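K.L.:
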Amino acid sequence: MTQRSQLARLGLFDAKVPRYTSYPTAPHFSNDAGADTYSSWISQIAPGSAISLYIHVPFCRRLCWFCACRTQGTQSDDPVRAYLKVLRAELAMLGEQLPAGVSLSRLHWGGGTPTLLQPDMMRELAAAVAEIAPFSDTSEFSVEIDPNEIDGARMDALAEAGMNRASIGVQDFDPKIQEAIGRPQSFEITRDAVDMIRARGIKSLNADILFGLPHQTNARMTESVQKLLSLSPDRVALYGYAHVPWMAKRQQMIPSDALPTPESRLELFETARKLFLWDKYAEIGIDHFATQEDGLTRSQQDGTLKRNFQGYTDDQADVLIGVGASSISRFPQGYAQNAPATSAHTKAIREGRFSTSRGHVFRGEDTLRSRLIEALMCDFRINSAEITARFGTPDAQLQQMYRDAAAAFPDMLQITQDGLFIPEGSRPLTRMIARAFDAYDMSKAGHSAAI
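Each residue of the sequence shown is one higher than the last, beginning at 2 in our numbering.
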């Protein structure tokens, strides 16, 4: 039996499973974590520790049809300036509750389109962040940059604020595909943005590219990847396009009959993967690639790679605080999410309270299973000694979990003396294998294709 037929037999081309950027996943959040819980968790952060901060800017000049993020379109700066005031007020509230001596391990501005902020707005936001916590000695400040929505003045403001890692969304360089997904962005515009980034001494560059888009072929994927490689990004996220028009209504604009089949999606992924590997990038987890010198590669090599809402990370902070509408925070005690709607979030902050509307308090085996799933997603293996030392889990219990997973995926997993291992040929199934360690009911949630 060929590898492709084995994958098909096990349901890879039909399954819909979580991406496991959290556990439990966001559809299982409830109202058991509100503003009081969120405040309590902030107060329990250890004084002098390093935390991560994510700031969400939910505005775009145009709404790309492929995107399923919480965003809203605007042609005016007025709602953006009003939202900036809310962000500043939220940061001030956060600063009042943070313990003494806290510093920033990571700062990330995401969206939406953070680069639609005017230069003075960028400086205001950066100053508001600086008022509550300084950068640590090894911090990273990254910003999602839309090449269509950036200029020299805004790039100067970001560089002055301390940005040392830029992230650009490519998706695909083919004009026909760009037209089908509502994302016009030429290679030349993207190259010019990269040139602006590097001209300001910002050496670290992330890029996102998608497979599974309408009209994509192996030849078109090859051409787009080669163009991307000519820009020499340090990290690349090769995400599968998630077609979920029942959740993201704008995706109804995308011609579903032009989408590749699940089998073709796997071929597109493998085409891109081979090109990155041929260019000496290290393969990171299920969908990232990085240069040999990048922090992700070093983190994978020393066993400290993590996974969060931004994908794979080398950030070791135990706390990630999300600021802005819909942002999610992660604490050792659980998750807390701000009100998704900008209006509801704004109302809460203006009333002097956090907008936390849902979340999850860890209970039972949550933290154990979270680590098991993260280990599989990051390292393709579970080390029994690490799990036992950290959680006190009896070896007999772990062995039973391994046997159950192996029984669900015959001949695809290896139970070793050290624990559980996913061989290279089985790795397209990783999200499905992780699902075998998920104790929550998946029937309530709509998830994306397994490949």
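Backbone N, C-alpha and C define an ideal beta-carbon position, used for all residues, glycine too.
Bear in mind that the values here come from a model prediction, so they are computed numbers and not experimental data.
#1: In its own chain, which residues sit with a C-beta less than 6 Å from the C-beta of H109, not counting the 5 before and 5 after it?
#2: State whether the segment 206-213 contacts the segment 160-176, with contact taken as three or more CB pairs (one from each stretch) at a distance under 8 Å.
#3: Measuring only the C-alpha atoms, how far is I388 from G325?
#4: Ends of the alpha helix (DSSP H) at K348?
#5: CA-CA distance, T262 and G112?
#6: Going along the chain, which residues of its own chain have a beta-carbon closer than 8 Å to the beta-carbon of E284, five neighbours each way excluded?
#7: Using 10 angstroms around the beta-carbon of S449, count the other beta-carbons present and answer buried if the total reaches 16, otherwise exposed.
#8: Classify G74: buried if its beta carbon has 16 or more other beta carbons within 10 angstroms, exposed otherwise.
#9: Per DSSP, what kind of secondary structure is V195 in: helix, strand or coil?
#10: Which two residues bound the contiguous alpha helix (DSSP H) that contains G296?
#11: On the three-pair Cβ rule with 8 Å, is the segment 355-362 touching the segment 22-37?
#12: For the ligand GDP, any of its heavy atoms closer than 6 Å to the Cβ of S257?
#13: Would you check if the distance between the CB atom of I133 and the CB atom of L88 is smaller than 7 Å?
#14: With distance defined between alpha-carbon atoms, name the residue in F410, T292, P148 and E375 nearest to G426.
#15: Are the segment 396-414 and the segment 429-441 in contact at 8 Å, needing three or more beta carbon pairs?
#16: For H289, which beta-bridge partners are listed by DSSP?
#17: Does the segment 217-232 come into contact with the segment 181-200, if we say contact requires no fewer than three beta-carbon pairs (one atom in each stretch) closer than 8 Å?
#18: Helix, strand or coil for V130, going by three-state DSSP, please let me know.
#19: Does DSSP put Y336 in a helix, a strand or coil?
#20: Have a look at A259 and H216 and give me their C-alpha separation to the nearest angstrom.
#21: Between the segment 117-136 and the segment 98-108, do three or more beta carbon pairs fall short of 8 Å?
#22: Measuring alpha carbon to alpha carbon, tell me which of L421, V130, L239 and D405 ends up nearest A461.
#23: For Y336 and S330, which I take to be in contact (beta-carbon distance under 8 Å), what is that distance rounded to the nearest angstrom?
#24: I think F381 touches F422, with their Cβ atoms under 8 Å apart; what is that distance to the nearest whole Å?
P.N.:
Looking at the coordinates:
#1: In the sequence shown, residue 109 corresponds to position 108, counting from 1. These residues qualify, in order along the chain: Y55 and S143.
#2: yes
#3: Translated into the one-based positions of the sequence shown, residue 388 becomes position 387. Translated into the one-based positions of the sequence shown, residue 325 becomes position 324. So the two alpha carbons sit approximately 35 Å from each other.
#4: In the sequence shown, residue 348 corresponds to position 347, counting from 1. From DSSP, the alpha helix (DSSP H) with K348 extends over T343 to R351.
#5: For this step, residue 262 is matched to residue 261 along the sequence shown. For this step, residue 112 is matched to residue 111 along the sequence shown. Taking the straight line joining both Cα atoms gives about 29 Å.
#6: In the sequence shown, the residue the question calls residue 284 occupies position 283. Around E284: R274, F277, L278 and F290.
#7: For the purposes of this step, residue 449 is taken as residue 448 along the sequence shown, with counting starting at 1. Buried, since its Cβ has 16 or more Cβ neighbours within 10 Å.
#8: Counting from 1 along the sequence shown, the entry for residue 74 is found at position 73. That one is exposed.
#9: As a position in the sequence shown, residue 195 is number 194, starting the count at 1. If DSSP states are grouped into helix, strand and coil, V195 belongs with the helices.
#10: For the purposes of this step, residue 296 is taken as residue 295 along the sequence shown, with counting starting at 1. Here the alpha helix (DSSP H) through G296 covers G296 to Q302.
#11: yes
#12: The ligand GDP is not part of the structure shown, which contains no ligands of any sort.
#13: Counting from one through the sequence shown, the residue named residue 133 turns up at place 132. Counting from one through the sequence shown, the residue named residue 88 turns up at place 87. Against a cut-off of 7 Å, the Cβ pair of L88 and I133 comes out as no contact.
#14: Translated into the one-based positions of the sequence shown, residue 426 becomes position 425. Checking every option, the nearest Cα to that of G426 belongs to F410.
#15: yes
#16: Position 288 of the sequence shown, counted from the first residue, corresponds to residue 289. Paired residue(s): A238 and I285.
#17: With the cut-off at 8 Å, the segment 217-232 and the segment 181-200 touch.
#18: As a working mapping, residue 130 is identified with position 129 in the sequence shown. Here V130 sits in helix by DSSP.
#19: Translated into positions along the sequence shown, residue 336 becomes position 335. Strand at Y336.
#20: If you number the sequence shown from 1, residue 259 lands on position 258. If you number the sequence shown from 1, residue 216 lands on position 215. About 5 Å.
#21: Cβ pair count under 8 Å is three or more, so yes.
#22: The structure shown does not extend to residue 461, since the chain is modelled only from 2 through 452, so no value can be given for it.
#23: Within the sequence shown, the letter at position 335 stands for residue 336. Within the sequence shown, the letter at position 329 stands for residue 330. Y336 to S330, Cβ: 7 Å. Contact.
#24: Taking the sequence shown and counting its residues from 1, the one referred to as residue 381 is at position 380. Taking the sequence shown and counting its residues from 1, the one referred to as residue 422 is at position 421. Contact flag correct, Cβ pair sits at about 7 Å.
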